[in-house]
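Numbering (my numbering), first residue to last: 94 to 252.
As structure tokens, the structure follows; a few thoughts come after it.
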């Protein structure tokens with residue numbers, strides 16, 4: 094199977110900046126907003142976006158990361174032991190506007206698991222999903238991101 098690079102460094106910088114600008118337009122003062130990165134790979138993008146948002150806006154925006162491993166509907170179906178990552182949310186989500194960030198959305202199952210996992214930290218006012226890559230033809234659940242870096246048309250067999 095051949096691999097292709099979707100976002101090289103200059104385009105990645107532009108995409109991250111565009112996504113940050115869209116968040117700034119939507120959240121303005123970020124008074125009730127929090128940023129959550131989804132473990133394991135979403136936290137790298139979330140940290141980068143969080144840094145850029147704070148530098149650009151001058152606001153201090155609460156940041157955390159969430160592991161949804163044990164909320165997945167397939168975690169008991171694996172042949173090997175599941176190795177969870179750390180969840181660190183040092184604030185309550187009650188009445189907050191959560192910006193949930195992940196690197197890729199495909200089936201939507203991990204996002205569903207993340208929504209379940211978040212309920213242990215309070216009931217947010219809203220949850221917005223930001224992804225770098227949307228593999229939209231792989232969706233199994235009716236979950237659609239609010240902010241997308243790039244939409245990619247892939248088959249189930251492509252990674």
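Ideal Cβ placement from N, Cα and C applies to all residues, glycine included.
Check: Unbroken beta strand (DSSP E) run spanning residue 227, endpoints; Outcome: 219 to 227
Check: Where residue 71 falls, given that 16 or more other Cβ within 10 Å makes a residue buried; Outcome: Lying outside 94 to 252, the shown extent of the chain, residue 71 is not represented and no answer is given.
Check: Residue 94 to residue 246 span [Cα, whole Å]; Outcome: The predicted model places residue 94 with a pLDDT of 48, which falls under 50 and marks its position as unreliable; any figure quoted below should be read in that light. Residue 94 and residue 246: Cα-Cα distance of roughly 16 Å.
Check: Identity of the residues DSSP links to residue 102 by a beta bridge; Outcome: Answer is none; residue 102 lacks a bridge partner.
Check: Alpha carbon of residue 152 to alpha carbon of residue 129, nearest angstrom; Outcome: 16 Å
Check: Which of helix, strand or coil DSSP assigns to residue 119; Outcome: helix
Check: Bridge partner(s) assigned by DSSP for residue 109; Outcome: Beta-bridge pairing links residue 109 to no other residue.
Check: Opposing strand residues paired with residue 132 [DSSP bridges]; Outcome: Residue 132 is not bridged to any residue.
Check: Chain-order list of residues whose beta-carbon lies under 6 Å from that of residue 221 (same chain, five-residue window excluded); Outcome: 192, 239
Check: Runs of beta strand (DSSP E) wholly within the stretch 140 to 168 (minimum 3 residues, chain order); Outcome: 156 to 159
Check: Alpha carbon of residue 226 to alpha carbon of residue 208, nearest angstrom; Outcome: 19 Å
Check: N-terminal and C-terminal residue of the alpha helix (DSSP H) that residue 205 is part of; Outcome: 202 to 211
Check: Residue 243 (DSSP reduced to helix, strand or coil); Outcome: strand
Check: 7 Å Cβ cutoff met for residue 212 and residue 231; Outcome: no
Check: When 155, 236, 179 are compared against residue 162, the one with the closest alpha-carbon; Outcome: 179
Check: Exposure label - residue 101; buried when at least 16 CB within 10 Å; Outcome: exposed
Check: Distance, residue 188 Cα to residue 241 Cα; Outcome: 24 Å
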